[in-house]
């Protein structure tokens, strides 16, 4: 069973998706975090800031068009 | 097309959008728009409110095609790149009130953040107090965001909902084209329901098709690049992220050089076009505006681009802005070149109290 930490930031206005992601990453210096978010601006911002902080990002589209990003370090 | 989209979603996106706005806005002034007002979402919402009869100040009434273009350009980009996602449910009533407050604050300053930067680039040093106030308002909004402020989550909505604001914009375009054919007495006095200024800033406008084309282009570029004149400062303070801020630097730089080339650059405090010299109310008006925009998640342009993507909550904010413009002019809150108006200071203070209460009380019920 996966113990990967998950956060759901779907439907939140800017900058809350990226703010909650950075807060979650601060509590998790290494390992993996799954971020469930909407496509578009939130995705761009989370990917940009996670990569800048040295996290590797993989992306999977959910059936409803939302995205699940996995951030690893 | 995919190369252009890739470029616009890269770190160059906000810069390219800023350069486009910085060049096109002064060009629109040369072609007829009011001074340092090539593009101003607050002023143009005010003109639209006046054209619709929501206020009766005869000098500021016109249906601005740039606003229509912003929404429809963003709609086209969202459809082309599969980002048209109708959604709503994130405190639309509060967003409406934030739109009212943001535009009242902007009309006390005499410009939205877009125009604040354009005024600065045109040499209007009164805009410095406005930009500082904008920064202060955004800074206060960041404090609330750090405390957990949230208007809650939106959720997917019926496709038709996403088309409501674009449809209203197409309706406005129809009124813009056909209104001159009705609503006047034989002596030329407007009787409504649609009013167009024959003097003052409302009568000054670039040719319709050019204004519309510029609006469509900026709407398209900004939807792709996520350009936001408030998010730029917010992200710099909150996340130490200069991605959007580079767009503002590009906008101011390009507008400065274009104004200089076109002979529009006139440095000073006195006699600036559609501006007053009250440092205090330039600062506080824009502080209210900056706070309201930050709580709503983006600048007035950004709200229109989001509305073009199908965001019904952003559309509520935009409609709140038009109503706020009507309020500002009906209740003597909007400033004039002579200075702040009778109720301007009172409404700014009331607006600040309302926004601070919103910032302190609204939280995401599904936090987790």
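Residue numbers (this note's numbering), protein chains in the order written: chain A, 7 to 79; chain B, 747 to 1114. The C-beta atom is built at its ideal place from N, Cα and C for all residues, glycine as well.
Beta strand (DSSP E) segment containing residue 41 of chain A, residue limits: In the first chain, counting from the first residue as 1, residue 41 of chain A sits at position 35. Counting along the chain, the beta strand (DSSP E) containing residue 41 of chain A begins and ends at 38-43.
Host beta strand (DSSP E) of residue 13 of chain A (start-end): Translated into the one-based positions of the first chain, residue 13 of chain A becomes position 7. Run containing residue 13 of chain A: 11-14, per the beta strand (DSSP E) assignment.
Beta-carbon proximity of residue 85 of chain A to residue 75 of chain A, cut-off 8 Å: Look at the range of chain A in this structure, 7 to 79, and you will see that residue 85 of chain A is not part of it.
Partner residues on chain A for residue 901 of chain B, Cβ-Cβ distance less than 7 Å: Looking up residue 901 of chain B in the second chain gives position 155. Result: 17.
Rounded distance between the beta-carbons of residue 969 of chain B and residue 1115 of chain B, thought under 8 Å: Chain B is shown only over 747 to 1114; residue 1115 of chain B falls outside these bounds and no answer can be derived.
Residues that DSSP places opposite residue 73 of chain A in a beta bridge: For the purposes of this step, residue 73 of chain A is taken as residue 67 along the first chain, with counting starting at 1. Per DSSP, A:43 and A:67.
Length of the line joining the Cα atoms of residue 1002 of chain B and residue 872 of chain B: The residue labelled residue 1002 of chain B in the question sits at position 256 within the second chain. The residue labelled residue 872 of chain B in the question sits at position 126 within the second chain. If you take the alpha carbons of residue 1002 of chain B and residue 872 of chain B, they lie about 16 Å apart.
Near-chain B residues of the stretch 32-62 of chain A - C-beta to any C-beta below 9 Å: 44, 45, 46, 47, 50, 51, 54, 55 and 58
Residue span of the alpha helix (DSSP H) that contains residue 752 of chain B, given as start and end: Here residue 752 of chain B corresponds to residue number 6 of the second chain, with the count starting at 1. Where residue 752 of chain B is concerned, the enclosing alpha helix (DSSP H) stretches over 748-755.
DSSP-derived helix/strand/coil call for residue 980 of chain B: Here residue 980 of chain B corresponds to residue number 234 of the second chain, with the count starting at 1. Helix, per DSSP.
8 Å Cβ shell around residue 20 of chain A - same chain, five flanking residues per side excluded: Here residue 20 of chain A is taken as the residue at index 14 of the first chain, counted from 1. Closer than 8 Å at Cβ, skipping near neighbours: 47, 48 and 51.
Where residue 1122 of chain B sits in the DSSP three-state scheme: Because chain B in this structure spans residues 747 to 1114, residue 1122 of chain B falls outside the shown range and cannot be described.
DSSP-derived helix/strand/coil call for residue 22 of chain A: Working through the first chain from its first residue, we reach residue 22 of chain A at position 16. Looking at residue 22 of chain A - three-state DSSP - the assignment turns out to be helix.
Cα-Cα separation between residue 897 of chain B and residue 40 of chain A, rounded to whole angstroms: Here residue 897 of chain B corresponds to residue number 151 of the second chain, with the count starting at 1. Here residue 40 of chain A corresponds to residue number 34 of the first chain, with the count starting at 1. Their Cα atoms are separated by approximately 23 Å.
Straight-line Cα distance separating residue 997 of chain B from residue 971 of chain B: If you number the second chain from 1, residue 971 of chain B lands on position 225. If you number the second chain from 1, residue 997 of chain B lands on position 251. Rounded to whole angstroms, residue 971 of chain B to residue 997 of chain B spans 14 Å at the Cα level.
Contacting residues, own chain, Cβ-Cβ under 8 Å from residue 795 of chain B (five flanking each side not counted): One-based indexing of the second chain puts residue 795 of chain B at position 49. Cβ neighbours of residue 795 of chain B beyond the five flanking positions: 801, 1068, 1069, 1071, 1072 and 1075.
CB of residue 769 of chain B within 8 Å of CB of residue 863 of chain B, strictly: Position 23 of the second chain, counting from 1, holds the residue named residue 769 of chain B. Position 117 of the second chain, counting from 1, holds the residue named residue 863 of chain B. Taking C-beta atoms as the reference points, residue 769 of chain B and residue 863 of chain B fail to come closer than 8 Å.
Buried or exposed by the 16-neighbour rule on C-beta atoms within 10 Å, applied to residue 945 of chain B: In the second chain, the residue the question calls residue 945 of chain B occupies position 199. Exposed, since its Cβ has fewer than 16 Cβ neighbours within 10 Å.
Nearest-angstrom beta carbon gap, residue 854 of chain B and residue 1082 of chain B [assumed within contact, 8 Å]: Translated into the one-based positions of the second chain, residue 1082 of chain B becomes position 336. Translated into the one-based positions of the second chain, residue 854 of chain B becomes position 108. Contact flag wrong, Cβ pair sits at about 11 Å.
Within 7 Å of chain A by C-beta, residues of the stretch 834-850 of chain B in sequence order: Residues 836.
Interface residues of the stretch 976-987 of chain B facing chain A [CB-CB below 8 Å]: 977, 980, 981, 984, 985 and 987
Option in B:1056, B:1055, B:1066 and B:808 with minimal Cα separation from residue 1039 of chain B: Here residue 1039 of chain B corresponds to residue number 293 of the second chain, with the count starting at 1. Minimum Cα distance to residue 1039 of chain B is reached at B:1066.
At least three beta-carbon pairs within less than 8 Å, the stretch 931-938 of chain B to the stretch 1092-1112 of chain B: The stretch 931-938 of chain B, when compared against the stretch 1092-1112 of chain B, does not touch it at the 8 Å Cβ threshold.
Short CB-CB distance (under 8 Å) between residue 9 of chain A and chain B: Translated into positions along the first chain, residue 9 of chain A becomes position 3. Answer no: the Cβ-Cβ gap between residue 9 of chain A and chain B never drops below 8 Å.
Coil, strand or helix - residue 870 of chain B by DSSP: The sequence position of residue 870 of chain B within the second chain is 124, counting from 1. Correct three-state label for residue 870 of chain B: strand.
Alpha-carbon to alpha-carbon, residue 837 of chain B and residue 901 of chain B: In the second chain, the residue the question calls residue 901 of chain B occupies position 155. In the second chain, the residue the question calls residue 837 of chain B occupies position 91. Looking at the two C-alpha atoms, the distance is approximately 11 Å.
C-beta atoms of residue 858 of chain B and residue 1005 of chain B nearer than 8 Å: Taking the first residue of the second chain as 1, we reach residue 858 of chain B at position 112. Taking the first residue of the second chain as 1, we reach residue 1005 of chain B at position 259. No. Outside cutoff.
Selected residue, minimal CA-CA separation from residue 953 of chain B, among B:1099, B:780 and B:759: Residue mapping note: residue 953 of chain B aligns to position 207 of the second chain, counting from 1. With distances taken between Cα atoms, residue 953 of chain B lies closest to B:780.
Minimum Cβ-Cβ distance from residue 21 of chain A to chain B less than 8 Å: By 1-based counting over the first chain, the position of residue 21 of chain A is 15. So, interface residue.
Cβ neighbours of residue 1112 of chain B in the same chain (closer than 7 Å, five flanking residues each side left out): Counting from one through the second chain, the residue named residue 1112 of chain B turns up at place 366. So the qualifying residues of the chain are 899.
Where residue 807 of chain B falls, given that 16 or more other Cβ within 10 Å makes a residue buried: In the second chain, counting from the first residue as 1, residue 807 of chain B sits at position 61. By the neighbour-count rule (16 or more Cβ atoms within 10 Å), residue 807 of chain B is buried.
CB contact below 8 Å: residue 25 of chain A versus chain B: As a working note, residue 25 of chain A is residue 19 in the first chain. Interface residue, yes.
Residue 1114 of chain B - DSSP class collapsed to helix/strand/coil: Counting from one through the second chain, the residue named residue 1114 of chain B turns up at place 368. Because the pLDDT of residue 1114 of chain B is 49, which lies under 50, any placement of that residue in the model is unreliable, and the question is left without a value.
Boundaries of the alpha helix (DSSP H) in which residue 911 of chain B is found, first to last residue: Working through the second chain from its first residue, we reach residue 911 of chain B at position 165. Residue 911 of chain B -> alpha helix (DSSP H) spans 910-924.
Under the three-state DSSP convention, the category residue 905 of chain B falls into: As a first step, residue 905 of chain B must be located in the second chain, where it is residue number 159. The three-state secondary structure of residue 905 of chain B, taken from DSSP, is helix.
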